[in-house]
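Asks: Numbering (the working numbering), first residue to last: 1164 to 1524. Where is the CB? At the ideal position from N, CA and C, for every residue including glycine.
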C-alpha cells in the first residue's frame, strides 16, 4: 500500500484541475491511499472524489497570523502531527508556494515533488523538481508532468467527481420549486469572476438571457456565490423574461449537480467554468485578460470567445488601459450564436462520459 499526500489548498479552478491527478494515481497504483490538504471552502468537493480517503483542512485565513495566536499555532501544529502519523510515501505539492511546500516538508513524506519554477522558495523543500516547458500548456497538463515524474505515464484519467443521488435530487427539487420546465434546454449563466477584468458587461448577460428564453424556450439559471448574489440580482433585474436566480443558494456540490444536469454553461473565466467542464457539460467561455491555452475549459466540446485586441491575455487584475476593452468587445450576437450551435450539437443525445481527459478547447 502506497500513501500519497496532495497539497492543493486552493483555488476552486486549481483544485478541480488536480482531480485527474488523484484519478490517475488511483487507476495506476493498486491500493493507493490518497489524502488531500485543502481549504475548508473546497473540502466538500474534494471529499466527493471517490479516490480521496481523507481531507485535512488548511485554515489559511486563520493561520496567516500564527505568531499572534497560540490557539491557531496549536491547530497548525496539530495538522502537522496528524500528517506525520500517516507516514506518507509521496507528497505532491501542486500549489507551489512556501506554505504548501513547508507543510509537505513537515509531513515527513519520504519523497516530496513539486515544480522547479514554484514560487516563494518552495523548490528548496522538494526532493524532485519537475521542469515546466517554456511553451504555454494547460494547467491540467502541467499537473500531468508531476505524474510522469513519479512514474505514472499515459493519458490522464478524467476528473472522476461523483455527485450523490441525494444531492442531485435536491437540485431537481430546487429547480422544480422555481417552476423550471423539463424537456427544454437548460442553460446556466455565470457572470462572476474573481477579477473585475474577467467580467463581461452585466447588461449583455441580461440580453443573452432574454434571447435564450425567447428564441430557444430555454430555462436559464444564473448562479454565483453568496458574495455574488447582489451583482447577479442586478442582472436579473434587467432581464425581461423569466429566469431562475440561484446565486448564493447552492453549495459547491449542488452547483456541480446543477451543471451535470445542464445542457450548456455560458461563463466568464472562473472556478464554476472549470467545474462545468469537469462535470462533462458543454461550455461557452468568455475570455479577456487571461490565456485560454493555460486556463480554458479543459476537455472537448467547449468554445472560447475572446476579442482580438493585441493586449488581451495580459494577465492583469486591473486593466492598464482602464477600459477592459477585451471583454467589452465580446458581442451578444457572437455568444448567442455559439450557444445555439453548441445546443444544436448536443440535443440529439445525452452527454457522453469520457474515459480520458483531453486537452482540446
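Count the C-beta pairs between the segment 1344-1361 and the segment 1379-1395 that are closer than 8 angstroms, then say yes if the count reaches three, no if not.
Replies: yes
Asks: Roughly how many angstroms lie between the CA atoms of residue 1299 and residue 1344, to the nearest whole one?
Replies: For the purposes of this step, residue 1299 is taken as residue 136 along the chain shown, with counting starting at 1. For the purposes of this step, residue 1344 is taken as residue 181 along the chain shown, with counting starting at 1. If you take the alpha carbons of residue 1299 and residue 1344, they lie about 42 angstroms apart.
Asks: For the 8 angstroms Cβ check, are there 3 or more pairs between the segment 1407-1427 and the segment 1453-1468?
Replies: no
Asks: Taking the alpha-carbon positions, what's the residue 1434 to residue 1334 distance?
Replies: Numbered from its first residue, the chain shown carries residue 1434 at position 271. Numbered from its first residue, the chain shown carries residue 1334 at position 171. Straight across, the Cα-Cα distance linking residue 1434 with residue 1334 is about 19 angstroms.
Asks: Just mark residue 1186 as buried or exposed, buried being the case when its beta carbon has 16 or more other beta carbons within 10 Å.
Replies: Numbered from its first residue, the chain shown carries residue 1186 at position 23. With 16 or more other Cβ atoms within 10 Å, it is buried.
Asks: Report, in whole angstroms, the separation of the C-beta atoms of residue 1301 and residue 1446, which I expect to be a contact under 8 angstroms.
Replies: Taking the chain shown and counting its residues from 1, the one referred to as residue 1301 is at position 138. Taking the chain shown and counting its residues from 1, the one referred to as residue 1446 is at position 283. Going by Cβ atoms, the distance from residue 1301 to residue 1446 rounds to 14 angstroms, so no, they are not a contact pair.
Asks: By the DSSP assignment, the alpha helix (DSSP H) with residue 1428 in it spans what residues?
Replies: Taking the first residue of the chain shown as position 1, residue 1428 is located at position 265. Where residue 1428 is concerned, there is no enclosing alpha helix (DSSP H), although the beta strand (DSSP E) it sits in stretches over 1427-1431.
Asks: I think residue 1260 touches residue 1236, with their Cβ atoms under 8 angstroms apart; what is that distance to the nearest whole Å?
Replies: Locating residue 1260 in the chain shown gives position 97, where the first residue counts as 1. Locating residue 1236 in the chain shown gives position 73, where the first residue counts as 1. Not really, about 19 angstroms apart at Cβ, beyond 8 angstroms.
Asks: At what residues does the beta strand (DSSP E) containing residue 1274 begin and finish?
Replies: Counting from 1 along the chain shown, the entry for residue 1274 is found at position 111. Counting along the chain, the beta strand (DSSP E) containing residue 1274 begins and ends at 1274-1278.
Asks: For residue 1343, which three-state DSSP category applies?
Replies: Taking the first residue of the chain shown as position 1, residue 1343 is located at position 180. Looking at residue 1343 - three-state DSSP - the assignment turns out to be coil, as it is neither helix nor strand.
Asks: Look at the alpha carbon of residue 1184 and the alpha carbon of residue 1294, and state the distance between them as a whole number of angstroms.
Replies: Stepping through the chain shown from its first residue, residue 1184 is reached at position 21. Stepping through the chain shown from its first residue, residue 1294 is reached at position 131. Looking at the two C-alpha atoms, the distance is approximately 17 angstroms.
Asks: Taking contact to mean 3 or more Cβ pairs, one atom from each stretch, closer than 8 angstroms, check whether the segment 1405-1414 and the segment 1466-1480 are in contact.
Replies: no
Asks: So, under 8 angstroms CB-CB, residue 1253 and residue 1272 are touching, yes? Tell me the CB distance rounded to an integer number of Å.
Replies: Position 90 of the chain shown, counting from 1, holds the residue named residue 1253. Position 109 of the chain shown, counting from 1, holds the residue named residue 1272. Sure, about 6 angstroms apart at Cβ, within 8 angstroms.
Asks: Give me the Cα-Cα distance between residue 1134 and residue 1494, rounded to the nearest whole angstrom.
Replies: Nothing can be reported for residue 1134, as the shown portion of the chain is limited to 1164 through 1524.
Asks: Residue ranges of each beta strand (DSSP E) run of no fewer than 3 residues wholly in the segment 1361-1397, ordered along the chain?
Replies: 1382-1385
Asks: State the start and end residues of the unbroken alpha helix (DSSP H) segment that holds residue 1437.
Replies: Counting from 1 along the chain shown, the entry for residue 1437 is found at position 274. Its alpha helix (DSSP H) spans residues 1434-1441.
Asks: Assuming residue 1169 contacts residue 1255 under a Cβ cut-off of 8 angstroms, what Cβ separation, rounded to an integer in Å, is found between them?
Replies: Taking the chain shown and counting its residues from 1, the one referred to as residue 1169 is at position 6. Taking the chain shown and counting its residues from 1, the one referred to as residue 1255 is at position 92. At roughly 5 angstroms, the Cβ-Cβ gap stays under 8 angstroms, so residue 1169 and residue 1255 are in contact.
Asks: Is it buried or exposed, residue 1241, if we count other Cβ atoms within 10 angstroms and call 16 or more buried?
Replies: For this step, residue 1241 is matched to residue 78 along the chain shown. Around the beta carbon of residue 1241, fewer than 16 other beta carbons sit within 10 angstroms, so the residue counts as exposed.
Asks: For residue 1332, which of helix, strand or coil comes out of DSSP?
Replies: As a working mapping, residue 1332 is identified with position 169 in the chain shown. DSSP, reduced to helix, strand and coil, places residue 1332 within a helical segment of the structure shown.
Asks: Do residue 1416 and residue 1472 have their beta-carbon atoms positioned less than 8 angstroms apart in this structure?
Replies: By one-based count along the chain shown, residue 1472 stands at place 309. By one-based count along the chain shown, residue 1416 stands at place 253. The answer is no: Cβ separation not under 8 angstroms.
Asks: Could you tell me which residues DSSP puts in a beta bridge with residue 1254?
Replies: Here the question's residue 1254 lines up with position 91 in the chain shown. In the DSSP output, where bridge partners are listed per residue, residue 1254 has 1168, 1275.
Asks: Taking the alpha carbon of residue 1405 as the reference point, which residue from 1262, 1431, 1436, 1369 has its own alpha carbon closest?
Replies: Reading the chain shown from its first residue, position 242 is the one you call residue 1405. The shortest Cα separation from residue 1405 among 1262, 1431, 1436, 1369 belongs to 1369.
Asks: Would you mind giving the Cβ-Cβ distance between residue 1401 and residue 1365, rounded to the nearest angstrom? I have them listed as a contact below 8 angstroms.
Replies: The sequence position of residue 1401 within the chain shown is 238, counting from 1. The sequence position of residue 1365 within the chain shown is 202, counting from 1. The Cβ separation is near 7 angstroms, so the contact holds.
Asks: Mind checking who residue 1466 pairs with in its DSSP beta bridge?
Replies: Position 303 of the chain shown holds residue 1466. In DSSP, residue 1466 forms a bridge with 1447.
Asks: Look up residue 1197 in the DSSP assignment and say whether it is helix, strand or coil.
Replies: Translated into positions along the chain shown, residue 1197 becomes position 34. Strand.
Asks: Buried or exposed for residue 1277, going by 16 or more other Cβ atoms inside 10 Å?
Replies: Here residue 1277 refers to the residue found at position 114 of the chain shown. The residue in question, residue 1277, is buried, as its Cβ has 16 or more Cβ neighbours within 10 Å.
Asks: With a Cβ-Cβ cutoff of 8 angstroms, do residue 1211 and residue 1220 count as a contact?
Replies: Within the chain shown, residue 1211 is the residue found at index 48, counting from 1. Within the chain shown, residue 1220 is the residue found at index 57, counting from 1. No.
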